[in-house]
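Using full-length UniProt numbering, the first residue of the sequence shown is number 1, and each one after it goes up by one.
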Amino acid sequence: MVELNNLDLVVPSPALAWYRWYQEQYLTDPRRSEGQQDPAGAAAREVAVFVEAYGDALSVSGTGFYRLQSCCNHSCRPNTHAFKRDQDTTGAAVLVALRDISLGEEITISYIDEDAPLQERQDALAEYEFLCTCEECVAEGVALVDQSSTL
(Lines of atoms letter the chains of each structure in order from A; the text may use other names.)
(Lines give C-alpha, C1' and ligand atoms only; values in the text may rest on other atoms or scores of the structure.)
Protein backbone atom coordinates (compact mmCIF):
# COMPACT_ATOMS: atom_id res chain seq x y z
CA MET A 1 0.00 0.00 0.00
CA VAL A 2 1.30 3.45 -0.85
CA GLU A 3 0.95 6.07 1.85
CA LEU A 4 -0.51 9.41 0.88
CA ASN A 5 1.20 12.61 1.91
CA ASN A 6 -1.27 13.80 4.53
CA LEU A 7 -1.20 15.97 7.61
CA ASP A 8 -2.28 14.76 11.04
CA LEU A 9 -4.62 17.27 12.65
CA VAL A 10 -5.84 17.87 16.16
CA VAL A 11 -8.61 20.43 16.35
CA PRO A 12 -10.91 21.63 19.13
CA SER A 13 -13.92 19.39 19.47
CA PRO A 14 -17.09 20.69 17.84
CA ALA A 15 -18.94 19.11 20.79
CA LEU A 16 -17.07 21.48 23.12
CA ALA A 17 -18.01 24.49 20.98
CA TRP A 18 -21.63 23.35 20.86
CA TYR A 19 -21.74 22.77 24.63
CA ARG A 20 -20.36 26.23 25.32
CA TRP A 21 -22.94 27.75 22.96
CA TYR A 22 -25.67 25.74 24.69
CA GLN A 23 -24.57 26.94 28.13
CA GLU A 24 -23.83 30.57 27.22
CA GLN A 25 -26.41 31.33 24.53
CA TYR A 26 -29.25 28.83 24.43
CA LEU A 27 -29.94 28.49 28.15
CA THR A 28 -29.68 32.23 28.73
CA ASP A 29 -31.81 33.24 25.74
CA PRO A 30 -34.55 35.51 27.17
CA ARG A 31 -36.98 34.22 24.53
CA ARG A 32 -36.96 30.78 26.17
CA SER A 33 -39.76 30.28 28.66
CA GLU A 34 -39.05 28.58 31.98
CA GLY A 35 -41.27 25.59 31.39
CA GLN A 36 -40.23 25.15 27.76
CA GLN A 37 -39.20 21.64 26.80
CA ASP A 38 -35.46 21.35 26.19
CA PRO A 39 -34.82 18.80 23.41
CA ALA A 40 -31.07 19.44 23.55
CA GLY A 41 -30.88 18.87 27.29
CA ALA A 42 -30.21 15.14 27.06
CA ALA A 43 -27.39 15.69 24.56
CA ALA A 44 -25.95 18.45 26.75
CA ARG A 45 -25.88 16.12 29.76
CA GLU A 46 -23.99 13.50 27.72
CA VAL A 47 -21.47 16.03 26.40
CA ALA A 48 -21.04 17.55 29.87
CA VAL A 49 -19.37 14.34 31.08
CA PHE A 50 -16.58 14.80 28.52
CA VAL A 51 -16.32 18.56 29.01
CA GLU A 52 -15.92 18.09 32.76
CA ALA A 53 -13.30 15.36 32.25
CA TYR A 54 -11.24 17.03 29.51
CA GLY A 55 -12.12 20.73 29.57
CA ASP A 56 -10.30 22.70 26.88
CA ALA A 57 -8.22 19.61 26.03
CA LEU A 58 -11.30 17.98 24.45
CA SER A 59 -10.17 17.61 20.85
CA VAL A 60 -10.65 15.62 17.69
CA SER A 61 -7.87 13.94 15.72
CA GLY A 62 -8.01 13.56 11.98
CA THR A 63 -6.15 13.73 8.71
CA GLY A 64 -6.10 16.46 6.11
CA PHE A 65 -4.92 16.46 2.52
CA TYR A 66 -3.50 19.77 1.32
CA ARG A 67 -2.42 20.57 -2.23
CA LEU A 68 0.74 22.51 -1.35
CA GLN A 69 1.90 20.08 1.30
CA SER A 70 1.17 17.10 -0.95
CA CYS A 71 3.58 18.52 -3.54
CA CYS A 72 6.47 18.64 -1.07
CA ASN A 73 9.08 15.91 -1.16
CA HIS A 74 10.47 14.27 1.95
CA SER A 75 13.73 14.93 3.72
CA CYS A 76 14.91 13.61 7.08
CA ARG A 77 16.44 17.08 7.44
CA PRO A 78 13.47 19.14 6.15
CA ASN A 79 13.55 22.89 5.63
CA THR A 80 9.86 23.38 6.48
CA HIS A 81 7.27 21.99 8.86
CA ALA A 82 3.62 21.54 7.86
CA PHE A 83 0.94 22.02 10.47
CA LYS A 84 -2.47 23.45 11.17
CA ARG A 85 -2.49 26.43 13.50
CA ASP A 86 -5.11 26.44 16.25
CA GLN A 87 -6.36 29.84 15.14
CA ASP A 88 -7.06 28.59 11.59
CA THR A 89 -10.68 27.56 11.98
CA THR A 90 -11.12 27.25 8.22
CA GLY A 91 -9.00 24.10 8.13
CA ALA A 92 -6.07 25.84 6.45
CA ALA A 93 -2.57 24.48 6.98
CA VAL A 94 0.75 26.28 6.72
CA LEU A 95 4.37 25.49 5.91
CA VAL A 96 6.80 27.21 8.26
CA ALA A 97 10.49 27.51 7.42
CA LEU A 98 12.74 25.72 9.92
CA ARG A 99 15.83 27.53 8.64
CA ASP A 100 16.83 29.94 5.89
CA ILE A 101 15.94 28.52 2.48
CA SER A 102 18.14 29.40 -0.48
CA LEU A 103 16.69 30.73 -3.71
CA GLY A 104 15.88 27.73 -5.91
CA GLU A 105 16.19 25.22 -3.04
CA GLU A 106 13.48 22.57 -2.98
CA ILE A 107 10.90 22.94 -0.21
CA THR A 108 10.88 19.71 1.82
CA ILE A 109 8.93 18.32 4.75
CA SER A 110 9.37 15.16 6.78
CA TYR A 111 6.80 12.44 6.23
CA ILE A 112 7.97 10.57 9.33
CA ASP A 113 9.65 11.06 12.71
CA GLU A 114 13.03 12.38 11.61
CA ASP A 115 14.50 11.73 15.07
CA ALA A 116 14.09 7.95 14.65
CA PRO A 117 17.18 5.82 13.87
CA LEU A 118 18.11 5.36 10.20
CA GLN A 119 16.64 1.86 9.81
CA GLU A 120 13.33 2.86 11.43
CA ARG A 121 13.09 5.87 9.11
CA GLN A 122 13.84 3.74 6.05
CA ASP A 123 11.25 1.16 7.15
CA ALA A 124 8.61 3.87 7.66
CA LEU A 125 9.40 5.43 4.28
CA ALA A 126 9.00 2.05 2.57
CA GLU A 127 5.25 2.70 2.96
CA TYR A 128 5.75 5.56 0.46
CA GLU A 129 7.66 3.18 -1.83
CA PHE A 130 10.97 4.99 -1.97
CA LEU A 131 14.41 4.76 -0.40
CA CYS A 132 15.41 8.05 1.17
CA THR A 133 18.74 9.41 -0.07
CA CYS A 134 18.62 12.78 1.68
CA GLU A 135 21.83 14.21 3.17
CA GLU A 136 20.91 12.90 6.63
CA CYS A 137 20.37 9.29 5.48
CA VAL A 138 23.49 9.26 3.31
CA ALA A 139 25.63 10.65 6.16
CA GLU A 140 24.22 8.14 8.66
CA GLY A 141 24.68 5.28 6.18
CA VAL A 142 28.33 6.23 5.62
CA ALA A 143 28.86 6.46 9.39
CA LEU A 144 27.39 2.97 9.86
CA VAL A 145 29.66 1.54 7.13
CA ASP A 146 32.70 3.25 8.66
CA GLN A 147 31.75 1.98 12.10
CA SER A 148 31.30 -1.61 10.93
CA SER A 149 34.59 -1.59 8.99
CA THR A 150 36.53 -0.56 12.11
CA LEU A 151 35.13 -3.45 14.14
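Backbone N, C-alpha and C fix where the C-beta goes; we use that ideal spot for every residue, glycine too. These numbers come from a predicted model, not from an experiment.
Assignment of A143 by DSSP, reduced to helix, strand and coil, places it in the helix class. Within the same chain, and ignoring the five residues on either side of V60 in sequence, the residues whose Cβ sits closer than 6 angstroms to its Cβ are V11, S13. Taking a 10 Å sphere around the C-beta of Y111, we find 16 or more other C-beta atoms and assign the residue as buried. F50 carries a helical assignment under DSSP once its states are collapsed to helix, strand and coil.
Here L58 is actually not in contact with F65; their C-beta atoms are around 25 angstroms apart, not less than 8 angstroms.
The criterion of a C-beta distance shorter than 8 angstroms is not satisfied by L98 and P117.
In the structure shown, the three-state DSSP call for L95 is strand.
For P14, the enclosing alpha helix (DSSP H) covers residues 14-21.
Taking a C-beta distance under 8 angstroms as the contact criterion, A40 and Y26 qualify as a contact pair.
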